[in-house]
Amino acid sequence: MLPPDTYARWIEQKGRYLGRDRKVERWRPIFAAQKLHEAAVEANAMARLSPVSTLVKDTAQARGLPRVESTLKITIDDPRDAMREFKATEVEDLACFEATLQRLESDIGLLRGRANAWATGDLDILRELSGADPGSACIQALLGTGMLARRGFDDLEARVHASWLAAAEQALVEYPVTVGAIPMSEALRPGGLLAQLAARGYTVRAPDEFEDDEYDDAGAGVEVSTAATAEHPAD
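Take the sequence shown: its position 107, counting from 1, is numbered 709 in the working numbering, and each next residue is one higher.
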């Protein structure tokens, strides 16, 4: 159940992007918000996923280059019980739902501007538009459920970061040049993955921090390097 004013806002956005879809009316707000956001992105001629990871993977495979995986695998021993418990659990998903509505009501132009800035590599605009994303509220709502906490998964975000950082450091040590792909939200977020690398003693420089001759040599990516190793450009 939603507060009446929130439901009225939902009906307006639903009519705009989902039409007469009635099934979604019975979904939990957190999942309805995701479907609405995906429909709005598509309706505004944007893509939800980046092609970068696929391009890097395909290029490495075509050239026979080794890959260092950073996938975090988790196991739930009682999946049926966990699903039943999740269905019966109250999820603090109203913040996620309202953040999504707010973004679509007033900031759809921001999404387009950020997408265009990403496509053209405009770092100044990307930094300016790197504010809070409604997705973070949705993730926190899910991670905050007691069902996950009781199964030892209340720190999933930290574990995902630790897995990526371990893989990145392994690649930087083993290979003279490495390439990695992360979301711009992580690249620009205070405390994000690049900030965590810097905190471990790595030098991290954005493309607009290179001199012209350095930029030609390093390519278009973010440079991550240490005094003990060669320079390691990473996307």
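Glycine included, C-beta positions come from ideal geometry on N, C-alpha and C.
Here the structure is a predicted model, which means the values were calculated and not measured.
In this chain, the beta strand (DSSP E) harbouring V806 covers 805–807. A662 is classed as exposed because its beta carbon has fewer than 16 other beta carbons within 10 Å across all chains shown. The criterion of a C-beta distance shorter than 9 Å is not satisfied by I632 and D679. With fewer than 16 other Cβ atoms from the protein chains shown falling within 10 Å of its own Cβ, L657 counts as exposed. When secondary structure is reduced to three states using DSSP, V670 falls in the coil class, being assigned neither helix nor strand. When secondary structure is reduced to three states using DSSP, E788 falls in the helix class. Inside the region 674–707, DSSP marks no whole beta strand (DSSP E) run of 3 or more residues.
Setting aside the 5 residues that flank it on each side, A769 is surrounded in the same chain by V670, S672, each with a C-beta closer than 6 Å to its C-beta; the list follows chain order.
With respect to L703, A764 sits apart: the two C-beta atoms are not nearer than 9 Å. When secondary structure is reduced to three states using DSSP, E811 falls in the helix class.
Here V779 carries a coil assignment [DSSP, helix/strand/coil]. Boundaries of the alpha helix (DSSP H) harbouring W612: 606–619, taken from the DSSP string.
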